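A.B. asks: Handing you this structure, nothing more for now.
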Amino acid sequence: MKYRMLVLDIDGTLVNSQKEITPDTLNALLALQEQGFYVVIATGRPTAGVRKVAETLELSKYGNYIISYNGSRIVDAADNSIIYNREIPSALIPEIYSAAMAEGIGMMTYEVGSDGLENVISATPIDDYERLEARINDIDISQVDNFLSYVNFPINKVLMTGDGDKLEKVEKKFAEKFKGCLNVFRSEPFFLEITPLGVDKATTIDALLKQLSLNKDQIICCGDGFNDITMIKYAGLGVAMENAQEKVKKAANYITASNDDDGVLKVINKFILEKVG
235 MKYRMLVLDI DGTLVNSQKE ITPDTLNALL ALQEQGFYVV IATGRPTAGV
285 RKVAETLELS KYGNYIISYN GSRIVDAADN SIIYNREIPS ALIPEIYSAA
335 MAEGIGMMTY EVGSDGLENV ISATPIDDYE RLEARINDID ISQVDNFLSY
385 VNFPINKVLM TGDGDKLEKV EKKFAEKFKG CLNVFRSEPF FLEITPLGVD
435 KATTIDALLK QLSLNKDQII CCGDGFNDIT MIKYAGLGVA MENAQEKVKK
485 AANYITASND DDGVLKVINK FILEKVG
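Note that our numbering has the sequence shown beginning at 235, numbered continuously upward.
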């Protein structure tokens, strides 16, 4: 078998528009893992936002992995241990906050509560995009009065929110402002991600492959968003969903069906199952 690992984005890729994994896709992914194939989730979501998907895929049973925060963290699903972790330098948080306030956009990050679960913490009045982020991840959201005083814990990612046209301009400004210090990119038109410098899905997948003694020619990466481009370009086979942004499609080796038409299952059938044996 040429390929040994399938890396999947969640939203717009693994799950359909109802945020569900179809039974056929699920059965195929379980069968792959049963054969010893690696199935890895790579998402911009916080780790808590992957919990239900990981349980559905039985990643803990098969000892597979979760890449969260757009590559800032790798969790071994077998025991929930963190095997890779990158954080935004705390000295940069005030500067990020000031830049966001000057642009009049939403700003949020994530904290681990006393119950051990992550929550969304907003520095600004909670907007519809922030509510969407909390709902997608099935976690609580709250606004804090003094963000800079409140956030005295390590941060893997900051998420900015706003209208897509506005964030397109802000993205360019922030990319220049934080050049050489932080990664700045949009995962969705209305989500602007700030992550540690040098961290993206591709670099983190590369770190995981080294631990597993695999190489990039042995992996397939599937995604639909701007933040999936690095891993799509990196993979031995980079796959874009039919519903992907055009820029993502241009980066891919292959375009599969949409997330509402079992696009991931079609990749499994075409490039993995027919190669078995």
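Every residue gets a Cβ at the ideal spot worked out from N, C-alpha and C, and that includes glycine. These numbers were taken from a predicted model, which means no experiment stands behind them.
Which complete alpha helix (DSSP H) runs does the stretch 398-447 hold, if anything under 4 residues is left out?
C.D. replies: 398-411, 435-446, all fully within the stretch 398-447.
A.B. asks: When burial is assigned at 16 or more other CB atoms within 10 Å of the CB, is GLU480 buried or exposed?
C.D. replies: GLU480 comes out exposed.
A.B. asks: Between THR490, SER315, ASP397, which lies nearest to ILE301 when the distance is taken from Cα to Cα?
C.D. replies: Residue SER315 is the option with its Cα nearest to ILE301.
A.B. asks: Could you check if ILE330 is buried or exposed, using at least 16 other CB atoms within 10 Å of its CB as the buried criterion?
C.D. replies: With 16 or more Cβ atoms within 10 Å of its Cβ, ILE330 is classed as buried.
A.B. asks: Going by alpha carbons, who is nearest to LEU240 out of VAL482, GLU476, ASP495, TYR468?
C.D. replies: That would be TYR468, whose Cα lies nearest to the Cα of LEU240.
A.B. asks: How would you label ARG320, buried or exposed, when you count the other beta carbons within 10 angstroms and need 16 or more for buried?
C.D. replies: Label assigned to ARG320: buried.
A.B. asks: Any idea if LYS391 is buried or exposed, counting beta-carbon neighbours within 10 angstroms, 16 or more meaning buried?
C.D. replies: Classification for LYS391: buried.
A.B. asks: Measure the Cβ-Cβ separation of LEU416 and LEU426 and say whether it is below 8 Å.
C.D. replies: Not closer than 8 Å, so no.
A.B. asks: From THR281 to ILE308, what distance separates their C-alpha atoms?
C.D. replies: Their backbone Cα atoms lie some 9 Å apart in a straight line.
A.B. asks: If you count every other CB in all the chains shown that lies within 10 Å of the CB of ASP434, and 16 or more means buried, which is it?
C.D. replies: Answer is buried; the Cβ neighbour count reaches 16.
A.B. asks: Can you give me the Cβ contacts of TYR488 inside the same chain, cut-off strictly under 6 Å, excluding the 5 residues immediately before and after it?
C.D. replies: Only VAL473 meet the Cβ criterion.
A.B. asks: Check whether the stretch 396-406 touches the stretch 366-379, counting contact only when three or more Cβ pairs, one atom from each stretch, lie closer than 8 Å.
C.D. replies: With the cut-off at 8 Å, the stretch 396-406 and the stretch 366-379 do not touch.
A.B. asks: For ARG369, does the count of other Cβ atoms within 10 angstroms reach 16, so buried, or fall short, so exposed?
C.D. replies: Looking at its Cβ environment, which holds fewer than 16 other Cβ atoms inside 10 Å, ARG369 is exposed.
A.B. asks: Determine the DSSP secondary structure at MET475, reduced to helix, strand or coil.
C.D. replies: In this structure, MET475 counts as coil in the three-state DSSP scheme.
A.B. asks: Indicate the three-state DSSP secondary structure (helix, strand or coil) for THR290 in the structure shown.
C.D. replies: In the structure shown, THR290 sits in a helix (DSSP, three-state: H, G or I).
A.B. asks: Alpha carbon to alpha carbon, what distance is there between ALA357 and ILE339?
C.D. replies: Distance between the alpha carbons of ILE339 and ALA357: 10 Å.
A.B. asks: Between which two residues does the beta strand (DSSP E) harbouring THR395 extend?
C.D. replies: 392-395 is the extent of the beta strand (DSSP E) around THR395.
A.B. asks: Comparing C-alpha positions only, which one of LEU248, THR256, LEU293, LEU366 sits nearest to PHE271?
C.D. replies: For the residues LEU248, THR256, LEU293, LEU366, the minimum Cα distance to PHE271 belongs to LEU293.
A.B. asks: Excluding sequence positions up to five away, which residues of its chain have a Cβ less than 8 Å from the Cβ of ILE506?
C.D. replies: Counting only Cβ-Cβ distances below 8 Å, and skipping sequence neighbours, we find MET235, TYR237, LEU240, LEU266, PHE271, ILE454.
A.B. asks: Label GLU422 either buried or exposed according to how many other C-beta atoms from any shown protein chain fall within 10 Å of its C-beta, with 16 as the threshold for buried.
C.D. replies: Its Cβ being crowded by 16 or more others within 10 Å, GLU422 is buried.
A.B. asks: Going by beta carbon distance, what residues of the same chain come within less than 6 Å of ALA312, once the five residues before and after it are set aside?
C.D. replies: Excluding positions up to five away in sequence, the list reads SER294, GLY297.
A.B. asks: Could you tell me which residues DSSP puts in a beta bridge with MET342?
C.D. replies: Beta-bridge pairing links MET342 to SER356, LEU393.
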